[in-house]
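**Student:**
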Amino acid sequence: MNSKASILLVDDEEEFVTTLAERLEIRGFQPEAATSGQQAVELMENRHFDVMVLDVKMPGMSGLKVMEKARELRPDLPIILLTGHGSTDDGVQGMHQGAFDFLMKPLDIDELISKISEAIAENS
Amino acid sequence: MPETRTWRESVKKMRGQEDKKKNLPRRYKTLRRNITALMILVTIIPLTVMAVTSALQYQKNIKAERITPMQAIASKTAHSFELFMEERLSALHFIASSYSSEILSGQATLHRIFRILREEYGGYVDLGLINNEGRQVSYTGPYDLLNKDYSDQQWFHEARVRGVYLSDVFMGYRDLPHIALAVENLNEKGESWILRATMDTKKFRDLLSQVNLDPIRDAFIVNDEGVLQSDSRLYGKVLENCPLELPDSSSGTQVKEVTDPDGRNVVMIYSPLVKYDFGLVMVLPQTSIYKAWHSLKQEIFFVYIASVALIILVVFSSTHRLVKRIREADEKRETAFRELEYTQKLSSIGRLAAGVAHEINNPLSIINEKAGLMKDLVDHDMHHDKEKLMRSVNQVLNSVDRCRNITHRLLGFAKRIGVKYEVLDVNEVLRETLGFLEKEAHHRDLQIEFNLPEDLPRISSDRGQLQQVFLNILSNAFAAVDDGGRVVLSTFEHDENTVAVSIGDNGHGMSEETMSQIFEPFFTTKKGYGTGLGLPITYGIVNKLGGDIKVESKVGEGTVFTIFLPTQPPGDRDNEQ
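Top line first, the protein sequences correspond to chains X and W.
Here the first sequence is numbered in the working numbering, starting from 1 and rising by one per residue.
Here the second sequence is numbered in the working numbering, starting from 125 and rising by one per residue.
1. Near W/E617, what residues of its chain come up, given a Cβ to Cβ distance below 7 Å and the 5 sequence neighbours on each side ignored?
2. Could one say the Cβ of W/Q571 lies closer than 8 Å to chain C's Cβ atoms, at least one of them?
3. To be precise: take each residue of the region 496-510 of chain W, compare its Cβ to all Cβ atoms of chain X, and keep it if any distance is under 7 Å. Which residues remain?
4. DSSP three-state label for W/G652, please.
5. Straight-line CA distance for W/I191 to W/H217?
6. What are the start and end residues of the beta strand (DSSP E) that includes W/L251?
7. Under 8 Å Cβ-Cβ, which residues of chain X neighbour W/S489?
8. If we count Cβ pairs, one from each stretch, closer than 8 Å, do we get three or more for the region 104-123 of chain X versus the region 406-414 of chain W?
9. Cα separation between W/R451 and W/T662?
10. Mind listing the chain X neighbours of W/N485? Cutoff is C-beta to C-beta under 8 Å, in chain order.
11. Below 6 Å CB to CB, which residues in the same chain sit around X/A99 once its five sequence neighbours on both sides are set aside?
12. Starting from W/Y245, follow the beta strand (DSSP E) in both directions and report where the run begins and ends.
13. Which residue's Cα is closest to the Cα of W/R462: W/V249, W/G664 and W/E244?
14. Are the region 244-253 of chain W and the region 315-327 of chain W touching by the rule of at least three beta carbon pairs closer than 8 Å?
15. Suppose you measure from the CA of X/R74 to the CA of X/I7; what does that come to, to the nearest Å?
16. Does the CB of W/N750 have a neighbour CB from chain X at under 8 Å?
17. From W/R449 to W/I642, what does the alpha carbon distance come to, in whole angstroms?
18. Roughly how many angstroms lie between the CA atoms of W/T686 and W/V593, to the nearest whole one?
19. First and last residue of the alpha helix (DSSP H) that includes W/Q334?
20. Could you check the C-alpha separation between W/A565 and W/S626 for me, to the nearest Å?
21. With respect to the alpha helix (DSSP H) encompassing W/H567, which residues constitute its N-terminal and C-terminal limits?
22. Could you tell me which of W/L363, W/N347 and W/D355 sits nearest to W/N336, measuring between CA atoms?
23. Counting beta carbon pairs with one atom in the region 572-591 of chain W and one in the region 547-555 of chain W, are three or more of them shorter than 8 Å?
24. Are the region 206-226 of chain W and the region 299-314 of chain W touching by the rule of at least three beta carbon pairs closer than 8 Å?
25. Whole-angstrom Cβ separation of W/R515 and W/P487, contact assumed at under 8 Å?
26. What does X/P59 touch in chain W if you count any residue whose Cβ is under 7 Å from its own?
27. Which residues, in chain order, does the region 15-48 of chain X contribute to contact with chain W at a C-beta distance below 7 Å?
28. What's the call for W/M174, buried or exposed, on a 16-neighbour Cβ count within 10 Å?
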C-alpha cells in the first residue's frame with residue numbers, strides 16, 4: 001500500500017540524500033531529493049508529497065524552519081526528522097513542533113520505511 | 125579606537141609561573157650561583173674590611189706601644205747629652221767670668237783651677253788660655269802645649285766669632301777620642317781671650333750605656349755629617365761614617381723603618397740635640413717591634429680564613445637547600461598547572477565531541493547508505509551494473525577518508541602537552557584547525573575571511589599546541605558572533621623573527637573590565653558552559669612556545685586576538701643571542 005508513496009528527502013549531504021532516494025526507489029517509493037531547505041520548500045509548493053524526511057541541521061534554512069514552512073504549505077504532511085547522535089534534543093523539539101517522529105543517523109532503512117509506513121497510515 | 129591590552133598586564137602572576145618552567149636546570153643553576161655570590165659578597169666583604177681595618181689598627185697600636193717608649197728614651201738620652209755639654213760649657217764660662225785673663229795666665233792658678241775642675245766634674249784632660257793672637261799663654265795638662273799657636277785653626281776663629289765652641293770628637297795624642305770646648309771672654313783692655321779645655325768621651329759611653337742595656341738595641345751619637353761620635357755596636361767605631369741615612373735634624377725625634385747595608389730590617393729612632401750639631405741614633409731590629417704584631421696577624425689571618433670557610437660552607441649549604449625548595453615549589457606549581465591544562469584540554473575535547481560526532485556522523489551515514497544500496501542491488505539482482513557498484517564503493521572510500529581526516533585531527537589534538545618542535549606552515553595549521561569548526565561555520569552561515577599570504581615564513585613550533593591555541597581563540601570568536609557573523613583570519617610577518625596570527629570577529633566585544641580578567645583562570649563570561657580555563661591555558665601554551673598575545677576589543681564592534689609566534693623555538697633564540 002505504500003508503494004508509489006511520494007517522499008520528499010531533505011538533507012544538505014547530497015551523496016546521502018541521493019543514495020537514500022535510490023534505495024527507497026528500489027523499494028517502490030517515489031522519492032524526491034532536496035539538498036537545502038529552500039529547495040525543499042520550492043518542491044513542496046509545486047508537488048504533493050506523502051511524507052517528508054527532513055535533516056534538522058542544515059546550513060541556511062535549518063530543518064526546523066523548513067518544518068515551520070511546511071506547516072503553512074501542507075499542515076497535514078507527516079514529517080520524519082533526522083538528527084545526529086547526541087542531538088536528540090533537536091528531535092524532541094521537532095516533535096513538540098509537530099513532527100511525526102525522529103530518527104538518528106546513520107539510518108536503518110527498515111526502520112525508516114517502517115516510520116514512513118506508519119506516518120502514511122496515520123495520515124490516511 | 126579599540127582598547128588594547130597586552131596579556132602581560134592581565135596575567136603577571138601566571139607569567140611568573142610560566143617563566144620558571146623554561147630551562148629549568150640552567151635557570152636554577154644561575155639562581156643558585158647568583159644567590160651564592162650575593163650572600164658571599166655581603167658577608168665576606170664586611171668581614172674582610174673589618175679584618176683589614178682591625179689588623180691595621182692593631183699594627184698601629186702595637187707599633188705605637190713599642191716605639192713610643194723607645195722614642196721617649198731616645199729623647200731623654202739626647203737631652204741628657206745636651207745637659208752634659210751645657211754643664212761643661214757652663215763650668216768653663218764660670219771660670220772665664222770669675223777670673224781675669226791675667227790670673228788665669230798664671231800656670232799655678234790655672235793648674236789649681238784645673239785640678240778642682242777635674243775633681244768636681246771629671247773627664248777633663250787639659251785646660252789652657254789662648255790670647256787674642258791665638259797663642260796658648262798658659263796650659264795645664266798631660267801634653268806640652270804651652271805657647272802653641274792656634275791662630276790658623278778653624279776652632280779658634282769660630283770661638284772668636286760665636287763666643288763659644290764645641291768640637292766634634294777627635295783622636296787625641298794618646299789615640300783616645302776627645303772633645304774640645306772653648307769660651308771667649310774680654311780683658312780690661314777689650315782684648316779677647318779664650319779658655320779652652322779638652323775632655324775625654326767616657327761620659328758619652330756612660331750616658332749611652334743606659335740605652336744599650338738591652339743587647340738587641342744599638343745607640344750611638346753622630347754629628348751632622350753622619351760621622352760616628354761614639355762607638356756603635358753594629359755600624360763601626362768612633363769617627364767612622366755611619367752607613368745609615370739620617371733624617372733631617374730640624375724635625376725633632378723621628379722614627380724610620382729602614383734596611384741597613386747588611387740587609388737588617390731595623391727601626392731607627394733619631395733624636396737630634398737641639399743646641400749642638402749632634403744627634404742620638406737608636407736602632408732596633410724590626411722583628412723585636414713587630415713580633416707581637418706578626419703573632420697577632422697570624423691569629424687574625426687564621427680566624428679570617430676559618431670564618432670565610434665557614435661562611436662559604438653555610439652559604440653553599442643554605443643556598444642549595446633554598447634553591448632546592450624553590451625548585452620543588454616550582455615543580456609542584458608546574459604539575460598543578462599541567463593538571464589544570466590537561467583538565468582544560470579534556471574540557472575542550474568534550475566541547476568538540478558534539479561537533480565532531482556530527483561531522484563523523486555524516487560520512488558514516490553516507491557509508492551506511494552506500495553499503496545499504498550495494499546490498500539492495502545484490503538483493504534485487506541489480507548488481508550487474510558495475511559502474512553503479514564502483515561509484516558506491518568509491519564514495520564509501522571517500523567517506524572513510526573524511527572520517528580518517530577527522531580522527532587524525534582529533535588524535536593530534538589529544539596528544540600529551542609536552543612540546544615537540546617541527547617546521548610548520550602556520551597557514552596550514554590554521555586551516556586544519558578551522559576544519560574542526562567548519563561544520564558549525566557552515567550551519568551558522570558564518571563568513572570566514574582568509575588573508576593568509578602564501579609566502580609567510582615557516583616557523584619551528586608544536587603543531588598540537590598551536591592547534592589548541594587556534595581552536596580556543598576560534599571557538600571564542602565563534603561564540604562571540606551571532607549567526608551570519610564574520611570571522612577574519614590573517615597571518616603576517618611581524619618582524620624577521622616573528623610571525624603573527626590575527627583572529628578577529630565582529631561579535632559582541634568586551635568591556636575593559638572583562639579584558640582585564642580574560643587571562644585569569646576560572647574567569648568566564650559563558651555562564652553555565654565555560655570553564656574559564658581556555659584563555660589562561662592558551663596564554664600558557666603561547667608563552668611556552670616563546671610567543672605573546674595581544675587583544676583589542678570594543679563592546680558591540682568585536683574583538684581581535686593577535687598571536688605572535690617566534691620563528692625559532694625560544695631556547696634556540698637564546699642560544700643565538
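Where is the CB? At the ideal position from N, CA and C, for every residue including glycine.
**Tutor:** With the structure as the only source:
1. L580, P581 and V623
2. Among the protein chains in the structure shown, which are X and W, there is no chain C.
3. G496, L497, D500 and H504
4. Low confidence applies here, because W/G652 scores a pLDDT of 47, under 50, leaving its location unreliable and the question unanswered by this model.
5. 38 Å
6. Y248 to I254
7. E13, F16, K105, P106 and L107
8. no
9. 24 Å
10. G84, H85, K105 and P106
11. I79 and L81
12. From DSSP, W/Y245 is part of no beta strand (DSSP E) but of the alpha helix (DSSP H) over Q231 to Y245.
13. W/G664
14. yes
15. 14 Å
16. This structure does not reach residue 750 of chain W, given that chain W is present from 125 up to 701, and the question cannot be answered.
17. 31 Å
18. 11 Å
19. K326 to V335
20. 18 Å
21. V550 to H567
22. W/D355
23. yes
24. yes
25. With 8 Å as the limit, W/R515 and W/P487 do not qualify as a contact, their Cβ atoms being about 16 Å apart.
26. H566, H567 and D569
27. E15, F16, T19, L20, E22, R23 and I26
28. exposed
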